[in-house]
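Scroll down for the structure; my scribbles are underneath it.
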Amino acid sequence: MANSGVSKRNQAGGGARRLSATQVRWTCGPNDLLFQSTAELTPPDALIGQERAGRSLEFGVDIRSRGFNIYAAGIPGTGRTSMIMARLKAEASRRPTPDDWCYVHNFVDSHRPRALRLPAGPGPTISTPFLDVFEALRPHIQPAILTEELQ
543 MANSGVSKRN QAGGGARRLS ATQVRWTCGP NDLLFQSTAE LTPPDALIGQ
593 ERAGRSLEFG VDIRSRGFNI YAAGIPGTGR TSMIMARLKA EASRRPTPDD
643 WCYVHNFVDS HRPRALRLPA GPGPTISTPF LDVFEALRPH IQPAILTEEL
693 Q
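Residue numbering for the sequence shown follows the working numbering, beginning at 543 and increasing consecutively.
This is the structure in structure tokens:
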């Protein structure tokens, strides 16, 4: 008898049989699901099967000292950035709004901008008029610098 890949016991008892690829492949149809749209689903709180990563993220978020960062490595598209952002947004909503920081030109040392710490909120409203003025003056700056008087 030629070797068919089936044990003699299964040949005799008929317990094993050859199956086609379509017979061993399970598919999930829309009627198998308990929802009509994925919009009805709530995203999981953590990555499934990534409990250790979740604990590490919690540990990192709970560190209140300066100089610590959270680093996550893994295969792209696995949801680690989404998980981290969701956790950080939740944490940020529980904490007080941080101050605004505006960096302005330092005329004494142009390589070291001056940092202005402002109460939370006015930073963008203060910077917008400055940006508008700069954009209005931009076309006139270079011609003014290139005049003979300044050279």
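Every residue gets a Cβ at the ideal spot worked out from N, C-alpha and C, and that includes glycine.
Applying the 10 Å Cβ sphere with the 16-neighbour rule, what's the burial state of residue i?
i: residue 599; result: buried
i: residue 625; result: buried
i: residue 546; result: Note on residue 546: pLDDT 47, under 50, position unreliable in the model; no value is reported.
Would you mind working out which of the options sits nearest residue i, comparing C-alpha positions?
i: residue 663; options: 640, 625, 610 and 623; result: 640
i: residue 606; options: 634, 673, 595 and 590; result: 634
i: residue 676; options: 659, 655 and 646; result: 646
i: residue 719; options: 679, 612 and 562; result: No information on residue 719 is available, as it lies outside the stretch 543 to 693 that the chain covers here.
i: residue 584; options: 616, 674, 595 and 628; result: 628
i: residue 620; options: 590, 579, 573 and 674; result: 590
i: residue 586; options: 622, 576, 673 and 678; result: 622
i: residue 596; options: 615, 651, 671 and 652; result: 615
Less than 6 angstroms between C-beta atoms, sequence neighbours within five positions excluded: which residues of the same chain meet that for residue i?
i: residue 648; result: 654, 655 and 656
i: residue 602; result: 612
i: residue 593; result: none
Name the DSSP bridge partner or partners of residue i?
i: residue 657; result: 645
By Cβ distance, which residues of its chain are closer than 8 angstroms to residue i, with the 5 residues on each side in sequence left out?
i: residue 567; result: none
CB-CB under 7 angstroms to residue i, same chain, minus the five flanking residues each way: which ones, in chain order?
i: residue 496; result: The chain is shown only over 543 to 693; residue 496 falls outside these bounds and no answer can be derived.
Check your understanding: What are the uninterrupted segments assigned as alpha helix (DSSP H) that are 4 or more residues long and contained completely in the segment 551 to 606, given in chain order?
Key -> 563 to 566 and 593 to 604
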